[in-house]
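In UniProt numbering, the protein residues as written are 1 to 147.
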């Protein structure tokens, strides 16, 4: 009986130590995903918005790419464009890939300039600045946006 209790106690201590002392990799991942970090990122974006810049947010899927210009102070989308828009789907030329992303960037810039937006902050949301993301940014610059 005493051996079973000692073994059970040792097992509980081992589990408690493993639970309370995560590895450094897990601790970093835990810190990065805490609500406090997300809260801090939100206020960083808000400070940029209060400085007079809106965010150009890029989202991509396997088949499509989306761009939105967001006003964080009003919590509103000022302009949006994607490869799913009827005009871009019916237009001649590529429907997917880098060249389609460049067309989305130009279309987004047209819509933004029509609403009086000229300066934005490029928010790539952790995507690498490469391929479709870079093409959308270049298309938006060609269309007249500055960031």
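All C-beta atoms in this analysis are idealised placements derived from N, C-alpha and C, irrespective of residue type, glycine included.
For this session: Look up residue 58 in the DSSP assignment and say whether it is helix, strand or coil.
Result: Residue state, collapsed to three classes: strand.
Exercise. Three or more beta-carbon pairs under 8 Å between the stretch 115 to 129 and the stretch 86 to 97, yes or no?
Worked result: No, the stretch 115 to 129 is not in contact with the stretch 86 to 97.
For this session: With residue 133 as the anchor, note down where its alpha helix (DSSP H) starts and where it stops.
Result: First-last of the alpha helix (DSSP H) with residue 133: 132 to 143.
For this session: Indicate whether residue 114 and residue 79 have their beta-carbon atoms separated by less than 9 Å.
Result: A contact, by the Cβ cut-off of 9 Å.
Exercise. How would you call residue 82, buried or exposed, if buried means at least 16 neighbouring beta carbons within 10 angstroms?
Worked result: Counting Cβ neighbours within 10 Å, residue 82 comes out buried, since at least 16 surround it.
For this session: Assuming residue 67 contacts residue 54 (C-beta within less than 8 Å), just tell me the rounded distance between them.
Result: Between residue 54 and residue 67 the Cβ distance is about 12 Å, and since that is not below 8 Å, they are no contact.
Exercise. Exposed or buried, residue 65, counting other C-beta atoms within 10 Å across all chains shown (16 or more means buried)?
Worked result: Counting the other CB atoms within 10 Å of its CB gives residue 65 a total of 16 or more, which places it among the buried residues.
Exercise. Assuming residue 69 and residue 104 make a contact with CB atoms under 8 Å, what is their CB distance in whole Å?
Worked result: Residue 69 to residue 104, Cβ: 12 Å. No contact.
Exercise. Going by C-alpha distance, which of 102, 109, 124 is nearest residue 181?
Worked result: In the structure as shown, the chain starts at 1 and stops at 147, and residue 181 therefore has no counterpart that could be examined.
Problem set entry | Identified DSSP bridge partners for residue 121 | Beta-bridge pairing links residue 121 to 55.
For this session: Could you check what DSSP says for residue 76 in three-state terms: helix, strand or coil?
Result: It is a strand residue.
Exercise. Do you know whose CA, among 146, 63, 92, lies nearest residue 108's CA?
Worked result: Measuring from the Cα of residue 108, the nearest candidate turns out to be 146.
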